[in-house]
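Engineer: Under full-length UniProt numbering, think of the first position of the sequence shown as 1, with each following residue one higher.
Pasting a structure below so you can have a look.
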Amino acid sequence: MAKRLPPLNPLRAFEATARHASLTKAASELNVTHGAISHQIKALEQSLGVKLFERTGQRVKLTPHGAELLPAVSTAFDGIAAATQRMTRPASAGTLSVSCVPALLLLWMTPRLGSFMAQYPDIRLTLIPSNDAKDIRAPQVDVCVLYGDGSWTDCWMRKWSGLELFPVVSPTLINNRPIRTCRDLADHVILHGDDGREWHTWLAAADGLDLERGRRHHLGDARTAIEAAVHGHGVALGDSVTASMLLARGLLVAPFSLSVPAVDDFYVVCRNEMRSAPIVQLFVDWLFAEKEQADSRADAPVAGRIGIRRKRPALRVVGAKS
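The structure is reproduced here in structure tokens:
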């Protein structure tokens, strides 16, 4: 026979008291008297046959038994609250908060939002440019699109896209200061969107690691580096997801046919309890459908690129996606 669970009200009194370390504050939160809270905790202690709190003046402190019980009780109440929230949130109306890698948000997602808004006119979006894994746990964020290695734990995630990296430059800059070979990059400012790892990877593939000693700027993220390239301030690394529209519009050109896999990938991530929320499911399904459509109508390779072949024939260059 399954063991009976302790009564709900004493468990609520225990959880609130442990969280506030105060009977008075717990009573205020639950809208009952101080005596009622004390009575419920005593009843729970008698039911379990252990002491849950040590009382020191106006404060209370968990005993080892209380500290062992609290995580399970808190998790259970959080789960009930999350399930209730999911049940009461409409499938295709209400608010949805999305945290997204800044470059992806600006250059890929925002131009396509008209599709989502047309399908779900009653959903109000809050978009947050961020690539901070802390957003996964932030209660004000429903779903994240992150660039990383996918090592986040205790959450739902799904790889959204890999990407290829290749140099991009404004037409004006390349016309004034031509790039005919990899060595010509020495005459240009290199714009970094990370700590330098990604340019190092591309230059290693192009046998140009000695060029890392040239002029360079570290601009914090890919969005800023790409914007700087559009304005003619140097050569940045574009990628096969976010740079495609800028290449198609002629705001950037890709002078080389050499591309390398990015260090990390894009992932869609959210708290486990949010994955089954209908409004989150709608957005995630839309995001993957839009990516599939974009891949099916991918732009043709940009003309006029310079082919680079590595010294070893087994490592021939592949064309970059754009």
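The C-beta atom is built at its ideal place from N, Cα and C for all residues, glycine as well.
Note that the structure is predicted; figures quoted are calculated from it, not measured.
1) Find the nearest neighbour of alanine 248 within the set Trp108, Asp135, Glu68, judged by alpha-carbon distance.
2) Go ahead and pull the three-state DSSP assignment for valine 32.
3) Determine the direct distance from the alpha carbon of proline 121 to that of valine 101, and round the result to whole angstroms.
4) Count the other CB atoms, across all protein chains shown, that sit within 10 Å of the CB of leucine 5; report buried if there are 16 or more and exposed otherwise.
5) With alanine 18 and leucine 62 assumed to form a contact (beta carbons below 8 Å), what rounded beta-carbon distance in angstroms separates them?
6) Give the range of the alpha helix (DSSP H) segment to which leucine 105 is assigned.
7) Are the Cβ atoms of valine 280 and tryptophan 160 separated by less than 8 Å?
8) Does the Cβ of alanine 277 have 16 or more other Cβ atoms within 10 Å, making it buried, or fewer, making it exposed?
9) Output needed for residue 331: all residues of its chain with C-beta closer than 6 Å, excluding positions within five of it in sequence on either side, in chain order.
10) Any idea what DSSP makes of glycine 57, helix, strand or coil?
11) With a cut-off of 8 Å, do at least 3 Cβ pairs link the stretch 150-158 to the stretch 168-188?
12) I'd like to confirm the pairing. Which residues does DSSP put opposite lysine 159 in its beta bridges?
13) Between glycine 232 and the rest of its own chain, which residues show a CB-CB distance below 7 Å, the 5 nearest in sequence each way excluded?
14) Let me make sure I understand the geometry here. Which of Gln46, Leu211, Ile123, Asn9 has the alpha-carbon closest to that of isoleucine 37?
15) Pull up the distance between the alpha-carbon of leucine 44 and that of alanine 81, whole angstroms please.
16) Buried or exposed, going by whether 16 or more other CB atoms sit within 10 Å of the CB of arginine 55?
17) Can you name, in chain order, every residue of its own chain whose Cβ lies under 7 Å from the Cβ of aspartate 239, other than the five neighbours on each side?
18) Which first and last residues belong to the beta strand (DSSP E) in which valine 168 is found?
19) In angstroms, rounded to a whole number, what distance separates the CA positions of aspartate 264 and tyrosine 147?
Structural biologist: Considering the structure as presented:
1) Position 248 of the sequence shown holds residue 248. Looking at the Cα atoms, Trp108 is the closest of the given residues.
2) Mapped onto the sequence shown, residue 32 falls at position 32. DSSP places valine 32 in coil when its eight states are reduced to three.
3) Within the sequence shown, residue 101 is the residue found at index 101, counting from 1. Within the sequence shown, residue 121 is the residue found at index 121, counting from 1. For valine 101 and proline 121, the distance between alpha carbons rounds to 24 Å.
4) Within the sequence shown, the letter at position 5 stands for residue 5. By the 10 Å Cβ count, leucine 5 comes out exposed.
5) Here the question's residue 18 lines up with position 18 in the sequence shown. Here the question's residue 62 lines up with position 62 in the sequence shown. That belief holds up - the Cβ atoms of alanine 18 and leucine 62 are roughly 6 Å apart, short of 8 Å.
6) The residue labelled residue 105 in the question sits at position 105 within the sequence shown. Element bounds for leucine 105: n/a, residue is neither H nor E.
7) Here residue 280 is taken as the residue at index 280 of the sequence shown, counted from 1. Here residue 160 is taken as the residue at index 160 of the sequence shown, counted from 1. Taking 8 Å as the Cβ cut-off, valine 280 and tryptophan 160 do not qualify as a contacting pair.
8) As a position in the sequence shown, residue 277 is number 277, starting the count at 1. Under this definition alanine 277 is a buried residue.
9) Shown here, the chain extends from 1 to 322; a query on residue 331 therefore has no answer.
10) As a position in the sequence shown, residue 57 is number 57, starting the count at 1. Reduced to three states, the DSSP call for glycine 57 is coil.
11) no
12) Position 159 of the sequence shown, counted from the start, is the residue given in the question as residue 159. According to DSSP, lysine 159 bridges with Tyr267.
13) Within the sequence shown, numbered from 1, the residue matching residue 232 stands at position 232. Excluding residues within five positions, the ones whose Cβ falls inside 7 Å are Ser170, Thr172, Leu173.
14) Taking the first residue of the sequence shown as 1, we reach residue 37 at position 37. Per the Cα distances, Asn9.
15) Here residue 44 refers to the residue found at position 44 of the sequence shown. Here residue 81 refers to the residue found at position 81 of the sequence shown. Whole-angstrom Cα-Cα distance: 22 Å.
16) Position 55 of the sequence shown, counting from 1, holds the residue named residue 55. Flag for arginine 55 reads exposed.
17) Your numbering for residue 239 matches position 239 in the sequence shown. If we look at aspartate 239 and ignore the five residues flanking it on each side, its Cβ neighbours are Leu163, Glu164, Leu165, Ala262.
18) Within the sequence shown, the letter at position 168 stands for residue 168. 164-168 is the extent of the beta strand (DSSP E) around valine 168.
19) Within the sequence shown, residue 264 is the residue found at index 264, counting from 1. Within the sequence shown, residue 147 is the residue found at index 147, counting from 1. Each residue's alpha carbon lies about 6 Å from the other.
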